[in-house]
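Notes follow the structure.
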Amino acid sequence: MNMKKLLALGLALVMVFALVACTDTETKPSDNPGTPDGPVTTDLNVGVFYYNFGDNYIASVRSALDSALEGKGIKYQDYDAQNNQGTQNDAIQTALANGANLLIVNLVTSGSPDAAQEIIRMANGVPVIFFNRAVDSEDDPDATLNANADKACFIGTDAPEAGHLQGEMIGNYLLEHYDEVDLNGDGVISYAMFKGDEANVEAIYRTQYGQEDADAILTAAGKPALAYFDAAAATKYQVDQQGAWSTQAAVDYMTTNLAQYNDANGNMIELAICNNDGMAEGVVSALNDAGYNTGSGKSIPVFGVDATDAAQLLISEGKMTGTVKQDAVGMANAIAETAAAIGAGSAIADAVSAAAGTNADMYTIADGVSNKLFVAYAPFM
253 MNMKKLLALG
263 LALVMVFALV
273 ACTDTETKPS
283 DNPGTPDGPV
293 TTDLNVGVFY
303 YNFGDNYIAS
313 VRSALDSALE
323 GKGIKYQDYD
333 AQNNQGTQND
343 AIQTALANGA
353 NLLIVNLVTS
363 GSPDAAQEII
373 RMANGVPVIF
383 FNRAVDSEDD
393 PDATLNANAD
403 KACFIGTDAP
413 EAGHLQGEMI
423 GNYLLEHYDE
433 VDLNGDGVIS
443 YAMFKGDEAN
453 VEAIYRTQYG
463 QEDADAILTA
473 AGKPALAYFD
483 AAAATKYQVD
493 QQGAWSTQAA
503 VDYMTTNLAQ
513 YNDANGNMIE
523 LAICNNDGMA
533 EGVVSALNDA
543 GYNTGSGKSI
553 PVFGVDATDA
563 AQLLISEGKM
573 TGTVKQDAVG
583 MANAIAETAA
593 AIGAGSAIAD
603 AVSAAAGTNA
613 DMYTIADGVS
623 NKLFVAYAPF
633 M
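Sequence positions in the sequence shown follow this note's numbering and run 253 to 633.
Structure follows, in structure tokens:
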């Protein structure tokens, strides 16, 4: 073989080896997901399952989570359960059949270990990040997470915290504005309570502590405890019967209330406590129709939870008094960080720990439950 042929053969072999080397190279996630260096490319195929697109707070989380996942180069598909657990389960089965290898689930039936365990069973080893809505009952809040530490985690809030913060805000506000709020001058503040869902753990604690903690502050200062506006009511709240925490449910309730409890009858409702900002918006709307809370003139204090953009606007306009910030962006970022770490090969508890480490002021790991991350609430007035 002459020299030209040898050189040609050698060049060809070099090109073949180079091609093989390029073919064998994998694109792997960064060792530090979410760094400013740019998006992280992963092999994740994520199904994100929301209990209801129509929920105001969930809509904020969805927008933030879409952005966070896209920023990390994570492929995802959003699903709306329309507040139906069966619909959510069907969507999960469809996503798994289509190759989903990570599930992010906003459980419809909050506080239901049966519903959560069924999703884990369907996932069959595919990791599950539950978020926002509790997976276990109030009586045994960590049973499912402890039993499935290598399969699932939870990212949400410490349920009682919002109720405590709301109650503290209300109590302190009333002490500062007592005579102003006591519209009929009888020395007692009458209140209405709007509950989002009968069985939801967050709703239970917000309903309980939003009133109890306010009472504790009032009575410690020598003031009477709050009085529910309808003394004959079997329960001291009005609940969204659909469990949707909806603005319309609050509009309907408050409009009906005001037909009987008003200035003309000398028994006007003097305070509205709402489990979320959607219901607070509904109360404000009904009050507007009655000539209250328009930004000037007659007004009653209205408190919510979430600090949605709409609620923050109402507060700035003087139409709503306060809320408790449930940070939608903070929750979305924690979910995305956890997902990216799982995609990079971390065990679930390690992934949760990595997410918590991104913001020590906002995130904490629950005591004794390594796969449970809390996003802090904050008062907003």
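Every residue, glycine too, gets a C-beta built ideally from N, C-alpha and C. Just so it is clear, the structure is predicted and the values come from calculations on it, not from any experiment.
Proximity winner among the options, relative to residue i (alpha-carbon distances)
i      : options                           : result
ALA302 : GLY495, ALA501 and ASN335         : The identity of residue 302 in the sequence shown is Tyr, whereas the question assumes Ala. Out of GLY495, ALA501 and ASN335, ASN335 has the C-alpha closest to the C-alpha of TYR302.
ILE422 : ILE371, ILE525 and ALA538         : ILE525
ALA630 : GLY582, ILE587 and LYS577         : LYS577
GLY556 : HIS416, TYR544, ALA349 and GLN345 : HIS416
THR339 : ALA352, VAL357, ALA320 and ILE326 : VAL357
ALA311 : GLU413, VAL581 and ASN353         : VAL581
PHE406 : MET583, ASP431, TYR461 and GLU522 : MET583
GLU533 : ALA468, GLN500 and ASN611         : GLN500
ASP449 : LEU470, TYR461, ASP388 and GLN494 : GLN494
LEU296 : GLN329, ASN527 and GLY306         : GLN329
GLN490 : TYR461, ALA455 and ALA612         : ALA455
ASN545 : GLN460, MET531 and ILE567         : ILE567
MET531 : ASP467, MET445, ALA542 and PRO379 : MET445
LYS324 : GLY306, GLY595, ASN353 and ASN452 : GLY595
VAL380 : ALA591, ASP529 and TYR480         : ALA591
MET506 : ALA538, VAL300 and TYR443         : ALA538
Spatial distance of residue i from residue j (CA atoms)
i      : j      : result
ASP482 : HIS429 : 23 Å
ASP515 : VAL433 : 13 Å
ASN540 : LYS571 : 9 Å
ASP504 : ALA593 : 45 Å
GLY408 : LYS550 : 37 Å
ALA618 : SER498 : 30 Å
VAL604 : VAL554 : 36 Å
GLY439 : GLY377 : 60 Å
ARG458 : TYR425 : 17 Å
ASP561 : ALA347 : 32 Å
LEU625 : LEU435 : 43 Å
SER622 : ASN517 : 55 Å
THR610 : GLN512 : 52 Å
ASN350 : ALA484 : 54 Å
MET267 : VAL298 : Residue confidence is low: MET267 scores 36 on pLDDT, short of 50, so the model does not pin down where it sits. No coordinate-derived value is stated.
GLU370 : ASP388 : 13 Å
Which of helix, strand or coil DSSP assigns to residue i
i      : result
GLY620 : coil
MET520 : coil
GLN329 : strand
GLY408 : strand
MET633 : coil
ILE381 : strand
GLN337 : helix
GLY299 : strand
GLN369 : helix
GLN578 : strand
ALA479 : strand
GLN493 : coil
VAL387 : coil
ILE310 : helix
ASP504 : helix
LEU510 : helix
SER537 : helix
MET445 : strand
ASP467 : helix
ILE525 : strand
TYR615 : strand
ILE344 : helix
ILE552 : coil
LEU435 : coil
ASP318 : helix
LEU427 : helix
LEU359 : coil
Cβ-based burial, residue i [other Cβ within 10 Å; buried from 16]
i      : result
GLN418 : buried
ALA473 : exposed
LYS280 : Caution is warranted here: a pLDDT of 31 is assigned to LYS280, below 50, making its placement in the model unreliable, and no coordinate value can be reported.
PRO393 : buried
ARG314 : buried
ASP465 : buried
ASP366 : exposed
THR638 : Since the first residue of the chain shown is 253 and the last is 633, residue 638 is not available in this structure.
GLU413 : buried
LEU523 : buried
ASP342 : exposed
ASP492 : buried
LEU565 : exposed
Contact check, residue i vs residue j, beta carbons under 7 Å
i      : j      : result
ARG385 : SER362 : yes
ALA368 : LEU355 : no
GLY547 : MET633 : no
LEU478 : ILE521 : no
ILE372 : ALA404 : yes
TYR309 : ASP558 : yes
ASN527 : LYS447 : yes
ALA588 : ALA320 : yes
VAL535 : ALA502 : yes
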